[in-house]
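S.K.: Have a look at this one.
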Amino acid sequence: MLDVSLAVVSAFECAAEGVPFARDAGIPWAAGVVFGLLAGSVLVVRRKWPIAVVLVAIAITPAQMGFLMGIVGLYTLAASELPRRIIGSLAGMSLLGTFIVMFVRLRQDMARDDLDLGDWFVPFAAITTSLGVTAPPVLLGMYVGARRRLMESLRERADSLERELQLLAERAEERAEWARNEERTRIAREMHDVVAHRVSLMVVHAAALQAVARKDPEKAVKNAALVGDMGRQALTELREMLGVLRSAGESGRRERASVPLAAVGVAAAAAASRAAGDDGRADGPCLSELDELIGQSAAAGMVVDLSVEGEERSYAREVEQTAFRVVQEALTNVHKHAAGAKTYVRLAHRVSEIAMQVENEPPPEAASSARLPSGGNGLVGMKERVNALGGVFVSGPTDAGGFRVSAVIPAS
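Using our numbering, the letters of the sequence shown correspond one by one to residues 39 to 450.
Right, here's the structure in full:
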């Protein structure tokens with residue numbers, strides 16, 4: 039609507055200016071009006087073809103027509119995305135054309151009216167008029183074009199930043215989900231290690247208690263005391279783990295309420311780290327408790343042979359805890375699947391790693407089974423623990439009919 043309105047105004051302007059042009063040129067005034075209407079209506083295509091509009095305005099300048107069309111055309115040309123050399127060339131042509139026409143017209147008017155204003159007046163008036171008609175629309179158009187490009191650039195940057203923030207939010211959510219999955223897996227391993235070993239020993243002692251209850255009351259009382267101790271230890275470890283989970287969950291909720299979405303992954307990782315027991319060695323078992331672990335299995339009737347090679351030293355908490363859990367889970371599997379079999383536990387302290395091996399002989403045919411259930415996750419959990427620390431885990435049956443579990447964990 040704006041372009042059509044400007045074109046209508048320009049057409050009427052040129053038509054009105056076509057009358058004196060036709061009189062000076064000696065042609066019918068109707069021809070001048072028609073010529074002015076056609077020339078002025080070119081302004082309707084100023085956005086699509088700004089060069090054509092400026093060229094038409096320059097062409098009709100000698101006829102003293104197209105004042106509005108020249109100003110609007112130069113503004114549109116300067117605000118467009120055309121190269122600067124084209125804009126400068128057309129603006130220079132318009133400036134030169136306006137200067138020549140004004141210079142000639144002023145000299146003719148002064149000669150006709152017999153005016154003497156000095157030789158400086160005509161050039162000064164011609165230059166001032168041509169600059170006043172050409173420079174303002176060009177400068178305004180360049181400013182508007184630059185501002186428009188700046189706004190488009192800022193809009194593109196804003197859209198790009200919004201896309202990046204959305205991508206970061208999605209990645210943060212993925213990291214948070216990954217951290218939650220890792221924490222669930224870690225908790226499942228811990229629960230399996232705590233419950234499976236203690237309860238397996240309790241079932242073994244209960245079976246022994248049932249077998250000797252009538253024959254040897256003193257041994258039955260001893261086994262009953264062991265079952266009670268195992269149950270209390272299992273309950274203590276479960277309470278400690280549930281307390282850690284509860285405190286980590288409350289801390290995680292506070293962090294999620296106080297940090298932006300991009301920090302969810304970091305908060306989840308921090309909660310997982312705290313739940314894993316990063317604050318102290320007392321939150322998990324260590325190799326110094328290995329003798330107690332083997333003593334519990336021996337008390338349940340298993341013959342266990344422990345051998346240690348190399349100089350004993352302390353390791354990182356994760357390394358000691360993983361080594362302990364591997365031996366614990368291997369002994370639990372012996373209780374489940376090879377009750378009564380002699381078991382060999384070997385621990386080797388090396389320069390840059392720690393190695394452990396738990397191997398059991400075939401169970402005796404007369405050994406009674408405690409019918410312990412198995413979920414099939416023990417070996418998987420051990421392998422996940424060892425691989426997470428960059429170690430190697432191997433398990434499988436031996437040629438003699440037993441079973442062997444071996445693991446090597448880097449010392450740091």
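Glycine included, each C-beta is placed from N, C-alpha and C at the ideal position.
Among S118, G126 and V82, which one has its Cα closest to the Cα of L106?
M.R.: Locating residue 106 in the sequence shown gives position 68, where the first residue counts as 1. Of the candidates S118, G126 and V82, the one whose C-alpha sits nearest the C-alpha of L106 is V82.
S.K.: Buried or exposed: where does R236 fall if 16 or more other Cβ atoms within 10 Å of its Cβ makes it buried?
M.R.: For the purposes of this step, residue 236 is taken as residue 198 along the sequence shown, with counting starting at 1. So R236 counts as buried.
S.K.: What does the Cβ neighbour count give for A314, buried or exposed, with the cut at 16 atoms within 10 Å?
M.R.: As a working note, residue 314 is residue 276 in the sequence shown. Model confidence at A314 stands at a pLDDT of 43, short of 50, so the residue's coordinates are unreliable and nothing is read from them.
S.K.: Using the beta-carbon count (16 or more within 10 Å), is L112 buried or exposed?
M.R.: Position 74 of the sequence shown, counting from 1, holds the residue named residue 112. Under this definition L112 is a buried residue.
S.K.: For a test of the three-state rule: what should DSSP assign to G170, helix, strand or coil?
M.R.: As a working mapping, residue 170 is identified with position 132 in the sequence shown. Here G170 sits in helix by DSSP.
S.K.: Between P66 and the ligand GTP, is there a pair consisting of the residue's CB and a ligand heavy atom that are separated by less than 6 Å?
M.R.: As far as ligands go, the structure on display features none, and thus does not contain the ligand GTP.
S.K.: Quick one: grab the DSSP three-state call for I447.
M.R.: Residue 447 sits at position 409 when you count from the first residue of the sequence shown. If DSSP states are grouped into helix, strand and coil, I447 belongs with the strands.
S.K.: Could you pull out every residue in the same chain whose Cβ sits closer than 8 Å to the Cβ of H387, ignoring the five residues on either side in sequence?
M.R.: Along the sequence shown, one-based indexing puts residue 387 at 349. Within the same chain, H387 has close Cβ partners V346, E347, G348, E349, E350 and R351.
S.K.: Tell me the rounded alpha-carbon separation between A217 and R209.
M.R.: For this step, residue 217 is matched to residue 179 along the sequence shown. For this step, residue 209 is matched to residue 171 along the sequence shown. Approximately 12 Å, taken between the alpha carbons.
S.K.: So, using beta-carbon positions, are L247 and Q334 closer together than 7 Å?
M.R.: As a first step, residue 247 must be located in the sequence shown, where it is residue number 209. As a first step, residue 334 must be located in the sequence shown, where it is residue number 296. Contact: no.
S.K.: N398 and A377: beta carbons closer than 7 Å?
M.R.: On the sequence shown, residue 398 is found 360 positions in, with the first residue counted as 1. On the sequence shown, residue 377 is found 339 positions in, with the first residue counted as 1. No, the pair does not count as a contact, with Cβ atoms beyond the cut-off.
S.K.: Here's the rule I'm using: 16 or more other beta-carbon atoms within 10 Å means buried, otherwise exposed. How should E55 be labelled?
M.R.: For this step, residue 55 is matched to residue 17 along the sequence shown. E55 should be labelled buried.
S.K.: Just the C-alpha distance for A207 and G78, rounded to the nearest angstrom, thanks.
M.R.: By one-based count along the sequence shown, residue 207 stands at place 169. By one-based count along the sequence shown, residue 78 stands at place 40. Approximately 56 Å, taken between the alpha carbons.
S.K.: In this structure, does DSSP put I124 in helix, strand or coil?
M.R.: Counting from one through the sequence shown, the residue named residue 124 turns up at place 86. Here I124 sits in helix by DSSP.
S.K.: Using C-beta distances below 7 Å, list every residue in its chain close to A251, excluding the 5 sequence neighbours before and after it, in chain order.
M.R.: Position 213 of the sequence shown holds residue 251. These residues qualify, in order along the chain: A258.
S.K.: Entirely within the stretch 340-388 and at least 4 residues each: give me those alpha helix (DSSP H) ranges in chain order.
M.R.: Entirely contained in the stretch 340-388, the alpha helix (DSSP H) runs reaching 4 residues are, in chain order, 355-375.
S.K.: Counting Cβ pairs, one atom from each stretch, are 3 or more of them under 8 Å apart for the stretch 190-197 and the stretch 169-176?
M.R.: As far as the Cβ criterion goes, the stretch 190-197 does not touch the stretch 169-176, which means the pair count is below three.
S.K.: My output table needs one value for I392: the three-state DSSP class, helix, strand or coil.
M.R.: Looking up residue 392 in the sequence shown gives position 354. The answer is strand: DSSP assigns I392 an E or B state.
S.K.: Look at the alpha carbon of A449 and the alpha carbon of A262, and state the distance between them as a whole number of angstroms.
M.R.: To locate residue 449, count along the sequence shown from 1; it is residue 411. To locate residue 262, count along the sequence shown from 1; it is residue 224. About 40 Å.
S.K.: Is there a C-beta anywhere in chain C that falls below 7 Å from the one on S118?
M.R.: The structure shown contains no chain C; it holds only a single protein chain.
S.K.: So, at 7 Å on beta carbons, what are the nonlocal neighbours of V396 in its own chain, with the 5 sequence-adjacent residues on each side left out?
M.R.: The sequence position of residue 396 within the sequence shown is 358, counting from 1. Closer than 7 Å at the Cβ level, and outside the excluded window around V396, lie V365, A368, L369, T381, V383 and V443.
S.K.: Take I109 and list the residues in its own chain whose beta-carbon comes closer than 6 Å to its own, dropping the five residues that flank it on each side.
M.R.: On the sequence shown, residue 109 is found 71 positions in, with the first residue counted as 1. Taken in chain order, the residues that qualify are P175.
S.K.: Roughly how many whole angstroms lie between the Cα atoms of V182 and M189?
M.R.: Reading the sequence shown from its first residue, position 144 is the one you call residue 182. Reading the sequence shown from its first residue, position 151 is the one you call residue 189. About 10 Å.
S.K.: If we ignore side chains and look at the alpha-carbon of each, how far apart do V304 and A129 end up?
M.R.: In the sequence shown, the residue the question calls residue 304 occupies position 266. In the sequence shown, the residue the question calls residue 129 occupies position 91. Residue placement at V304 is poorly supported in this model, since its pLDDT is 37, which falls under 50; the coordinates still yield a value, given next. So the alpha carbons of these two residues sit roughly 60 Å apart.
S.K.: Is E119 buried or exposed, if buried means 16 or more other CB atoms sit within 10 Å of its CB?
M.R.: The residue labelled residue 119 in the question sits at position 81 within the sequence shown. Exposed, since its Cβ has fewer than 16 Cβ neighbours within 10 Å.
S.K.: Would you kindly work out how many angstroms separate the C-alpha atoms of F59 and T136, rounded to a whole number?
M.R.: Here residue 59 refers to the residue found at position 21 of the sequence shown. Here residue 136 refers to the residue found at position 98 of the sequence shown. Looking at the two C-alpha atoms, the distance is approximately 16 Å.
S.K.: From the DSSP output, read off the bridge partner residues of G434.
M.R.: The count along the sequence shown starts at 1 and reaches residue 434 at position 396. R442.
S.K.: Taking the alpha-carbon of V372 as reference, which of V357, L417 and I138 has the nearest alpha-carbon?
M.R.: As a first step, residue 372 must be located in the sequence shown, where it is residue number 334. When each option's Cα is compared against that of V372, the closest is L417.
S.K.: Leaving out the 5 sequence neighbours to the left and right, which residues in its chain are closer than 6 Å to A393 when beta-carbon positions are compared?
M.R.: Along the sequence shown, read from residue 1 onward, the residue named residue 393 stands at position 355. Only A386 and V446 meet the Cβ criterion.
S.K.: Is it right to say E228 is buried, meaning 16 or more other beta carbons lie within 10 angstroms of its own, or is it exposed?
M.R.: By 1-based counting over the sequence shown, the position of residue 228 is 190. E228 is buried by the Cβ-count criterion.
S.K.: What residue from G339, E403, S191 and P323 has the CA that sits closest to A361's CA?
M.R.: Here residue 361 refers to the residue found at position 323 of the sequence shown. Of the listed residues, the one whose Cα sits closest to A361 is P323.
S.K.: Between which two residues does the alpha helix (DSSP H) harbouring K11 extend?
M.R.: Only positions 39 to 450 of the chain appear in the structure, and residue 11 is not among them; the question remains open.
S.K.: Among E278, E256 and V242, which residue has its Cα nearest to the Cα of M268?
M.R.: As a position in the sequence shown, residue 268 is number 230, starting the count at 1. If we check each option's Cα against that of M268, V242 comes out closest.
S.K.: Between which residues of its own chain and A272 is the CB-CB distance below 6 Å, once the five residues before and five after are set aside?
M.R.: Within the sequence shown, residue 272 is the residue found at index 234, counting from 1. Excluding residues within five positions, the ones whose Cβ falls inside 6 Å are R236.
S.K.: Bridge partners of N398, per DSSP?
M.R.: One-based indexing of the sequence shown puts residue 398 at position 360. Its beta-bridge partners are T381 and F441.
S.K.: If the criterion is Cβ atoms closer than 7 Å, does the pair G74 and C52 meet it?
M.R.: For the purposes of this step, residue 74 is taken as the residue at position 36 of the sequence shown. For the purposes of this step, residue 52 is taken as the residue at position 14 of the sequence shown. Closer than 7 Å, so yes.
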